[in-house]
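Using the working numbering, the letters of the sequence shown correspond one by one to residues 24 to 168.
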Amino acid sequence: MGIQGLWAQELQIAQEGVAEGSSCTPYRGEVLPAPTVSLPELRSLLASGRARLFDVRTREEAAAGTIPGALNIPVSELESALQMEPAAFQALYSAEKPKLEDEHLVFFCQMGKRGLQATQLARSLGYSGARNYAGAYREWLEKEG
């Protein structure tokens, strides 16, 4: 199930709610905001080598410029990439597959929307250290480029 499928499912659950008289707490389908990383924090994480940075823009966008050290995995491929066996991930992306327990997995895009989607997707797959660089490549280019 892709991101759109997850969102459709969330919306359906939110609209249906829980049957009246149910003893359980209603689930309203709220999507919790994904944890974010600010530019100063990103600089610090990159300088210390503690961040894994993922550019979830298209290959064409990433080829035109990206944050140094970022691995490009378009958001359209992310779900399957994060579910691959480590050897398959390594073969396809020439990089080590992130581990579920990795603390600083930072996703970004051009403006912030796809980075947020990617972060929420990664967290739904168990990557609890996934965070969104909300300033995105746009902010990086303005302030660091």
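For glycine and all other residues, C-beta sits at the position ideal for the given N, C-alpha and C.
Check	Outcome
Taking the C-alpha atoms as reference points, what is the distance between Asn-155 and Glu-64?	12 Å
Mind the definition here: the segment 125-135 touches the segment 103-117 only if three or more C-beta pairs lie below 8 Å; say whether that holds.	no
Let me know the secondary structure DSSP gives Leu-128 once reduced to three states.	strand
Using a Cβ-Cβ cut-off of 7 Å (strictly less than) and excluding sequence neighbours within five positions of Ala-93, which residues of its own chain qualify?	Leu-76, Phe-77, Asp-78
Grab the span of the alpha helix (DSSP H) containing Leu-76 for me, first residue to last.	First-last for Leu-76: 75-78, but that is the beta strand (DSSP E), not the alpha helix (DSSP H).
Spell out the partners DSSP gives Leu-94 in its beta bridges.	Phe-77
Report buried or exposed for Gln-113, applying the criterion of at least 16 other Cβ atoms within 10 angstroms of its Cβ.	exposed
Starting from Ala-57, follow the alpha helix (DSSP H) in both directions and report where the run begins and ends.	Where Ala-57 is concerned, there is no enclosing alpha helix (DSSP H), given that its DSSP letter is neither H nor E.
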